[in-house]
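Going by this note's numbering, 438 is the number at position 39 of the sequence shown; the sequence numbering is gapless. Ideal Cβ positions, reconstructed from N, Cα and C, are used throughout, including at glycine. If you're wondering where the values come from, they're calculated on a predicted model, not measured in any experiment.
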Amino acid sequence: MLALGIDIGGTMIKTAIVDSNGTLSEKRLFPTSIDLKDQLLEIVREELAAHKVEAIGIGTAGRIDPVTGNVNLATSNLANWTGVPVKTLIQENTGVVTAVLNDSSAAAFGEWFCNYRRAETLVMITVGSGLGGGIVINGSPLLGKRGEAAEFGHIIIHRGGKPCNCGKEGCAEQYISMRLIHSLVAAAAGQEMDRATLIEQYLSGNPVVEEAVSTVTGDLAIVVDSVFLSLDPDLVVVGGGVCELGKRFLNSLREELSVLSRSSLYTEEDVVLSLSGNDAGIIGAAVYAMAGEASGHE
Ligand SMILES: [Zn+2]
């Protein structure tokens, strides 16, 4: 079976054809348009004209209704997206079974499917320009009642802290993101560093970059510890752009966790970095759609 997998983010839309083993081909990349609804339909039509697929899986930023596949709430970087009935829109226009879920849930499911299928419970925390998350339990993504499961980015970790774009103060996303690492480095070094330079400087031990990353890993460790104590998962996978900081970053996170986990049964070794990287979301969305098609529940 083949499915079209689509990953919709604030800046880019990624597509690929995915088979039932989670192997992907025909990857394409589009800058996200302001007219996302029309753009998505056009992309889907093009892909369907070129490839024969039996299902379409879409992972998108925002809170997605687990039953209807509507966007219940979109982040401010996806304009005109709140309220769009994505699943119905695509299904009715194409006649192809479509499944829609949150992009981080899709990534967690893709990561589980490709790399950790033995895990009963897997939690993924995505640290990119923001902070997202996904939970997979007994082979299914946990979508929750309202599409708000694993929204770790908006859990308050510092009461009365920095204002968040969601209207609250002290949300985890304001303390844990690649964006924050970049701005901490810029403030301390007096100049901006691009992504490649920042990674290179971190890996070569630049103390300014190291300090910025360790500020973020300190707060990330608090979230990871809370996740272990909430769900007792087999493992927590850290994904997103932060993975480019590699083993050194993982070690720094594990060092923080080794302190927090002293009074717990999990260990810092139970935190790992994503292996599927940027493809996890496309694969997860497509495989999720194929699973629905195969079981006839869609
Ligand atoms: Zn928030």
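- Closest in C-alpha terms to GLU668, from the list SER651, ALA684 and ILE682, comes SER651.
- Taking one beta carbon from each stretch, the stretch 581-589 and the stretch 618-637 have fewer than 3 pairs nearer than 8 Å; the two do not touch.
- GLY531 and THR525 have their C-alpha atoms roughly 5 Å apart.
- DSSP places ASN564 outside both helix and strand once states are collapsed to three, so it counts as coil.
- Scanning the stretch 446-527 for uninterrupted alpha helix (DSSP H) segments of 4 residues or longer gives 485-493 and 502-514, listed from N- to C-terminal end.
- If you look at GLU610, you'll find it in the alpha helix (DSSP H) that goes 606-630.
- Those residues that have a beta carbon less than 6 Å away from any non-hydrogen atom of ligand 1 are, in order along the chain, HIS553, CYS563, CYS565, LYS567, CYS570 and GLU572.
- Taking all protein chains shown into account, THR616 has 16 or more neighbouring C-beta atoms within 10 Å of its C-beta and is therefore buried.
- THR414 is bridged by DSSP to ILE405 and ARG427.
- VAL670: not part of any alpha helix (DSSP H); member of the beta strand (DSSP E) spanning 670-672, first to last residue.
- Rounded to the nearest whole angstrom, the C-alpha separation of MET411 and PRO430 is 4 Å.
- When the beta-carbon positions are compared, THR487 and GLY468 come within less than 9 Å of each other.
- With a cut-off of 8 Å on Cβ pairs, the stretch 401-419 is in contact with the stretch 452-466, counting three or more such pairs.
- The residue from SER662, PRO484, GLN573 and SER673 with its alpha-carbon nearest to that of PHE648 is SER673.
- Annotated as distal: THR414 and ILE433, with beta-carbon spacing of 9 Å or more.
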